[in-house]
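Notes follow the structure.
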Amino acid sequence: MRWERDVPLAPLVRYRIGGPAARLARPRSIAELDAALRDTSGRGCRVLGTGANLLIGDGGVAEPVLVLEGEFGTVRVGATAIEAGAGARLPALAQAARRHGRAGFHFLEAVPGTLGGGLRMNAGSRDEGLWDRVEWAEAVTPEGELVRVRREEAQPAYRHVRVPADWVFVRARLDAKPAEADAVREAHLNFRERKVRDQVYDLPSVGSTWKNPGPPHPPAWKIVDEVEMRGARVGGARIHERHANFIVNLGGARAADVIGLMAETRRRALARLRVALEPEIHLWGFDPAQLARVGAA
Ligand SMILES: Cc1cc2nc3c(=O)[nH]c(=O)nc-3n(C[C@H](O)[C@H](O)[C@H](O)COP(=O)(O)OP(=O)(O)OC[C@H]3O[C@@H](n4cnc5c(N)ncnc54)[C@H](O)[C@@H]3O)c2cc1C
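Sequential numbering from 1 applies to the sequence shown in this note's numbering.
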């Protein structure tokens, strides 16, 4: 494993937006990950999945970036569980569950990303999250310790888990009991059909921009709509006409364009509806003032 310098990140992320990583490594095993973490100790690092939930700043990312490859990509279907590495793709997991007739994974259909990103985000639908299927997940701490986290310890919530932000997920075991094959296939097909119809797959995006604020507030897309931002455009970025919680890259969008749309949406939601929108997407390479404009911690 070696460190690459000034690696363009835009081609590695779903949005196709953002500047370079000052340093990037692609560990292929836990031993290589340990070595990379030892190299970066004290400075912190960032783990990149497929960037399906990430906006990278135009100036790039100063912290070292890790991309998990090699053995982290495995998916093994056992008698009652699926074990997979954190670099395995969520669509590959959904497909494995569908092909082997395992119930409870339909909500991962058409969700791009890796298992590691999915664990960090507790990716899923409004009603279910990936951690509902997790028996345990293993993560490596910045000090190089391998820790096993059980579902109840992670306290999963909507797009959130209580696992320290600097731990790197490396693999997980997911409950996957056999079920009636036709019913499983139908659940997957129905879910995928609805999702692909209602959401945006023909232009680069990172999915839902804002978290749903929860009762008594309406869902985020409705708030965007109510403050008249649906269809708004800044540079190469646009709030999509069909799904107002998606901001798409029409081609050549800069991070500053996306931030402009987010900041104006948030400003209007606060002023008109007294709702403080919080980004669902993660943002790398921004200064605290820029993060504050869009309500990111
Ligand atoms: C068209 C579209 C539809 C989508 N639909 C959904 C949906 O229905 N439900 C949903 O929840 N999301 C959805 N998303 C968002 C996205 O698919 C998920 O958030 C996914 O989990 C992101 O995975 P990723 O590997 O690309 O993570 P990235 O975007 O690369 O990273 C996201 C965060 O996870 C962290 N991370 C990544 N890997 C690891 C690791 N191994 N260990 C620790 N932290 C890690 C990163 O550091 C970052 O903080 C959608 C996105 C798109 C573009």
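Ideal placement from N, C-alpha and C gives every residue a C-beta, glycine not left out.
Spatial distance of residue i from residue j (CA atoms)
i	j	result
L203	P8	20 Å
R325	E226	Absent from the model: residue 325. The displayed extent of the chain is 1 to 297, so no value can be given.
D58	L283	11 Å
F191	A103	13 Å
D175	P218	33 Å
A232	R159	26 Å
V77	H100	8 Å
G295	E135	33 Å
A216	L277	A quick correction: the sequence has Pro, not Ala, at residue 216. Their backbone Cα atoms lie some 13 Å apart in a straight line.
A181	L189	12 Å
A269	E228	10 Å
R38	G144	7 Å
R267	P288	17 Å
V47	R148	18 Å
L24	V65	5 Å
E63	A123	25 Å
Contact test: residue i Cβ vs ligand 1 heavy atom, cutoff 7 Å
i	result
Q95	no
H282	yes
G214	no
R268	no
M1	no
N249	no
V206	yes
H154	Residue identity check: residue 154 is Ala in the sequence provided, not His. Result no, Cβ not under 7 Å from ligand 1.
V168	yes
L146	no
L273	no
G73	no
Y158	no
R120	yes
A296	no
L203	no
N190	no
N245	no
G49	yes
Nearest to residue i (by Cα), restricted to the options the options
i	options	result
I82	F72, E71, A97, P91	A97
R133	P142, P112, P156, E145	P156
G60	G19, M262, P27	G19
P111	S125, V77, P27	Correcting the residue identity first, residue 111 is Val in this sequence and not Pro. Among S125, V77, P27, the Cα nearest to that of V111 belongs to S125.
M262	V224, T40, V170, A62	V224
I259	L54, S29, L12	L54
R130	F105, E153, A220	The sequence shown places Leu at residue 130, not Arg. Looking at the Cα atoms, F105 is the closest of the given residues.
R151	A183, N212, A165, R173	R173
L90	H240, R46, L108	L108
K211	A179, M121, E69	M121
D127	D166, A21, G116, G214	G214
R138	P164, V67, G285	Here residue 138 turns out to be Glu, not Arg, going by the sequence shown. Ranking the options by Cα distance to E138, first place goes to P164.
E264	L250, A31, A292, G251	A292
A256	G285, R272, L273	G285
Alpha helix (DSSP H) segment containing residue i, residue limits
i	result
F169	Here F169 belongs to no alpha helix (DSSP H); instead the beta strand (DSSP E) covers 168 to 175.
V196	181 to 198
D257	255 to 268
V163	Counting along the chain, V163 falls outside any alpha helix (DSSP H), and DSSP gives it neither H nor E.
G301	Lying outside 1 to 297, the shown extent of the chain, residue 301 is not represented and no answer is given.
E228	Here E228 belongs to no alpha helix (DSSP H), and DSSP marks it neither H nor E.
Residue range of the beta strand (DSSP E) that includes residue i
i	result
L24	20 to 25
V111	No beta strand (DSSP E) contains V111, which DSSP labels as neither H nor E.
D132	Taken as a continuous stretch (DSSP letters only), D132 belongs to no beta strand (DSSP E), as it is neither H nor E.
V301	Here the chain has residues from 1 to 297 only, and residue 301 is not among them.
I281	That residue, I281, is in no beta strand (DSSP E); it is neither H nor E in DSSP.
Contacting residues, own chain, Cβ-Cβ under 7 Å from residue i (five flanking each side not counted)
i	result
A253	I17, G235, G236, A237
S41	P142
A35	M1
L93	V75, I82, A84, F105, L108, L115
A179	G101, R102, A103
Cutoff 6 Å; reference residue i; Cβ partners in own chain excluding five residues on either side
i	result
F72	G85, A86, G87
S208	N245, E280
G113	G49, T50, A52, L90
Y15	P204, V206, N249
Chain D within 8 Å of residue i, Cβ atoms only
i	result
H282	Judged by its chain identifiers, the structure shown contains no chain D, having just a single protein chain.
Close beta carbons around residue i, own chain, < 8 Å, minus the five adjacent residues each side
i	result
V200	H240, R242, H243, F246, V248
E69	R26, P27, R28, G87
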